[in-house]
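Structure below.
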């Protein structure tokens, strides 16, 4: 994934946006599945430095609140995602602050026809062709658009830091790492045949969404994702029934010394409450000195864990037969 990050930056750093993009007061990202993961990651990892809010739309229509000062990013890795293509047909009636992240397809053609600023991905470091596995391209493409619009400060050093953290993560979680020290392999063993309940906070919440997506598509295993502190106001009371489900559940808490002190304590107390209910609980503490590095490490940890879990489940991690079948029936 480090190659996707650096290659994506090299591809897109020359992007030029008209000066009017500096008038953006909010951001609406339209994307589905793996193509929407980048915006969730950015919104969480850069939450403290973003100058405007980012809203993510997973649907066919542009929200009514979108206006002339809204930057709309249409994200479709393949360029053929029908919801995003449908949104493209109406977006220019609401705003001319529009940019695209895609590898081509109908969306790429639409952008070219309408002279829309576009980050066109050359996915040479994603031979699988799957958006979730090419997440590095999606993250950087959206980061560059936000940076060029003056909404996010991103430097070449940030990209290098992300790539370096990915290399460190690879050394820690990759197949060459000894199994008794490899946290990704250990977690994969511990969550096999279980309902995975992910619990994240602050800068790791976007990475938590990526983790959930990869558990579904890569491992073909059911997972849900909750955020602290919100989950503490309801979820803990829902851990009693149905018994058959609770017994097959593993809660994975992502902790960090960079969290707000109260959220750090919430992680500790949440773990205590779960263990008092005899619920299997795992805590993962990401590597990294900054929020961005830690968010990157969670993504890498998730990628390796879900791959190893796919191997344990004896399934192909790249194929998504039911999603493909569904799309075929929708034609």
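Residue numbers (our numbering): 7 to 337. Using N, Cα and C, we set each Cβ at its ideal position, and we do this for glycine too.
Per DSSP, which one or two residues make a beta bridge with residue 60?
According to DSSP, residue 60 bridges with 33.
Beta-bridge partners of residue 77, as assigned by DSSP:
The partner list for residue 77 (beta bridge, DSSP) reads 33.
Should residue 291 be labelled buried (16 or more other beta-carbon atoms within 10 Å of its own) or exposed?
Residue burial is scored here from C-beta neighbours: residue 291 has fewer than 16 other C-beta atoms within 10 angstroms and is therefore classed as exposed.
Looking at residue 103 and residue 63, is the spacing between their C-beta atoms short of 8 Å?
One thing to note: residue 63 has its Cβ no nearer than 8 Å to the Cβ of residue 103.
Residues near residue 158 by beta carbon distance below 8 Å, same chain, minus five either side
Around residue 158: 48, 52, 55, 56, 57, 149, 152.
Residue of 100, 336, 260 minimising C-alpha distance to residue 213:
Nearest neighbour of residue 213 by Cα position, chosen from 100, 336, 260, turns out to be 260.
What's the call for residue 20, buried or exposed, on a 16-neighbour Cβ count within 10 Å?
Here residue 20 is exposed. Its C-beta has fewer than 16 other C-beta atoms within 10 Å.
Hey, could you find the ends of the alpha helix (DSSP H) residue 193 is sitting in?
First-last of the alpha helix (DSSP H) with residue 193: 189-197.
So what does DSSP say about residue 238, is it helix, strand or coil?
Three-state result, residue 238: helix.
Restricting to runs no shorter than 3 residues, where is the beta strand (DSSP E) found entirely within the region 199-251?
Fully enclosed beta strand (DSSP E) runs of 3 or longer: 201-207, 229-234.
Note the first and the last residue of the continuous beta strand (DSSP E) segment covering residue 260.
Note, residue 260: beta strand (DSSP E), 255-260.
Three-state secondary structure (DSSP) of residue 89:
Judged by DSSP in its simplified three-state form, residue 89 adopts helix.
Given a cut-off of 8 Å on the beta-carbon distance, is the pair residue 165 and residue 43 in contact?
No; because the gap between Cβ atoms is not below 8 Å, this pair is not in contact.
With burial defined as no fewer than 16 other Cβ atoms inside 10 Å of the residue's Cβ, what is the status of residue 323: buried or exposed?
Its Cβ being crowded by 16 or more others within 10 Å, residue 323 is buried.
Cutting at 7 Å between CB atoms, please list the residues of its own chain near residue 156, excluding the five before and the five after it.
The beta carbon of residue 156 sits closer than 7 Å to those of 28, all from its chain and outside the five residues before and after it, given in chain order.
Mind listing, in chain order, the continuous alpha helix (DSSP H) runs of no fewer than 4 residues lying wholly within the region 109-149?
For the region 109-149, whole alpha helix (DSSP H) runs of length 4 or above, ordered along the chain, are 111-119.
Please confirm if the region 166-182 is in contact with the region 69-86, defined as three or more CB-CB distances below 8 Å between the two stretches.
Verdict: no, contact absent.
If you measure between the beta carbons of residue 11 and residue 35, is that distance less than 8 Å?
The answer is no: Cβ separation not under 8 Å.
Does the region 323-337 come close enough to the region 200-210 that 3 or more CB-CB pairs lie under 8 Å?
Between the region 200-210 and the region 323-337 there are fewer than three C-beta pairs closer than 8 Å, too few to call the two in contact.
Residues in the same chain with beta-carbon distance under 6 Å from residue 145, minus the five sequence neighbours each way, listed in chain order, please.
A distance below 6 Å between beta-carbons, with the five flanking residues on each side excluded, links residue 145 to the following residues of its chain, in chain order: 44, 47.
Using CA atoms only, rank isn't needed, just tell me which of 311, 30, 92, 80 is closest to residue 202.
Relative to the Cα of residue 202, the nearest Cα in the group 311, 30, 92, 80 belongs to 311.
Whole-angstrom Cβ separation of residue 50 and residue 301, contact assumed at under 8 Å?
Separation of the CB atoms of residue 50 and residue 301 is rounded to 7 Å, and the pair is thereby assigned contact status at 8 Å.
Using only the alpha-carbon positions, how far apart do residue 196 and residue 227 sit?
Residue 196 and residue 227: Cα-Cα distance of roughly 13 Å.
Checking the sheet assignment: what are the DSSP bridge partners for residue 288?
Looking at the DSSP output, residue 288 sits in a beta bridge with 258.
Through-space distance from residue 86 to residue 112, alpha-carbon basis:
The alpha-carbon of residue 112 is positioned some 5 Å away from that of residue 86.
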